[in-house]
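With our numbering applied, the sequence shown covers 402 to 591. For glycine and all other residues, C-beta sits at the position ideal for the given N, C-alpha and C. Here's the structure we're looking at; comments come further down.
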Amino acid sequence: MGIVITVGGLHGTGKSTYARILSEDLELRHMSAGEIFRTMAHARNMSVEELNKVAEVDPAIDREIDEKMRSEAAIGKVVLDGQLTAWMAGDKADLKILLIAPKEVRINRLAARDGLNLKETEDKTLGREEVERERYKIYYGIDVSDPSIYDLIVDTNLYPLEEMAKILKKIVKDYIGEITKKGKRLNVPA
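Now the structure itself:
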């Protein structure tokens with residue numbers, strides 16, 4: 402099957418950025434729940450916020466993305482990023498990483514990415530996160546604020562991007578080395 406790594410976290414923590422870096426470094430595929438969601442919005446001629454409102458009442462939107470993440474985990478050799486990927490990959494994941502960053506840092510990153518002002522970005526992001534938190538609780542019984550499912554928690558604000566990427570790559574490679582040395586996946590009971 403091959404290694405499966407999940408990268409979770411709130412918006413603006415660097416999920417897609419670090420997942421892409423890891424996938425390239427480890428020569429794994431990369432799938433992003435956020436990119437799939439944005440593509441779905443674009444295909445429907447909607448903004449992300451508009452599709453988010455549809456997803457509040459239509460569970461099919463989330464379920465389509467989640468099923469894609471589950472199927473990619475089953476194939477293996479992939480880095481999955483998204484808020485629910487740790488849960489969707491389940492025991493197929495070899496390493497589940499949670500990225501965190503202070504709210505102000507996340508908002509600044511998102512504003513720069515999307516070309517919006519800070520206040521507008523903060524209002525949209527915090528509102529979206531609250532709606533998603535409730536939706537995931539209702540649809541799946543998942544509390545995304547509970548980090549207990551993760552193997553590794555990393556604050557992406559501690560170092561600049563390049564330095565943090567080096568640190569994360571080293572940790573992941575060491576972890577994969579342990580899996581290889583033991584000849585089994587570490588998170589599956591013997």
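Annotated three-state conformation of Thr-581 is helix, per DSSP.
Pairing Ile-476 with Ile-554 gives a Cβ-Cβ distance that is not under 8 angstroms.
Around Arg-471, the same chain offers Met-489 as residues with beta carbons nearer than 6 angstroms, after the five sequence neighbours per side are excluded. Contact between the segment 493-507 and the segment 408-415 is established, with three or more Cβ pairs separated by less than 8 angstroms. Counting along the chain, Val-449 sits inside the alpha helix (DSSP H) bounded by residues 449-458.
Taking a contact to require three or more Cβ pairs closer than 8 angstroms, the segment 520-527 and the segment 424-439 do not qualify as touching. The segment 478-496 makes contact with the segment 539-546: 3 or more CB pairs, one atom from each, lie closer than 8 angstroms. Counting C-beta pairs with one atom in each stretch, the segment 411-426 and the segment 439-448 have fewer than three that are closer than 8 angstroms, which means they do not touch. Under the three-state reduction of DSSP output, Asp-495 falls in the coil class, being neither helix nor strand. Of the candidates Leu-569, Thr-581, Tyr-419, Tyr-419 places its Cα closest to the Cα of Leu-481. For Thr-581, the number of other beta carbons within 10 angstroms of its own is below 16, and it is reported as exposed. Secondary structure at Val-532: helix, using DSSP grouped into helix, strand and coil. For the set Ile-404, Gly-415, Ile-406, the Cα lying nearest the Cα of Leu-562 is the one of Gly-415.
Residue nearest to Ile-462 within the set Lys-570, Glu-533, Asn-558 is Glu-533 (criterion: CA-CA distance). No residue range can be given for Ser-546, since it is assigned to no alpha helix (DSSP H) and is classified by DSSP as neither H nor E. Following the DSSP letters along the chain, one finds Ile-554 inside the beta strand (DSSP E) bounded by residues 553-556.
Secondary structure at Arg-464: helix, using DSSP grouped into helix, strand and coil. Of Glu-564, Asn-518, Lys-493, Glu-535, the smallest CA-CA separation from Val-458 is found for Glu-535.
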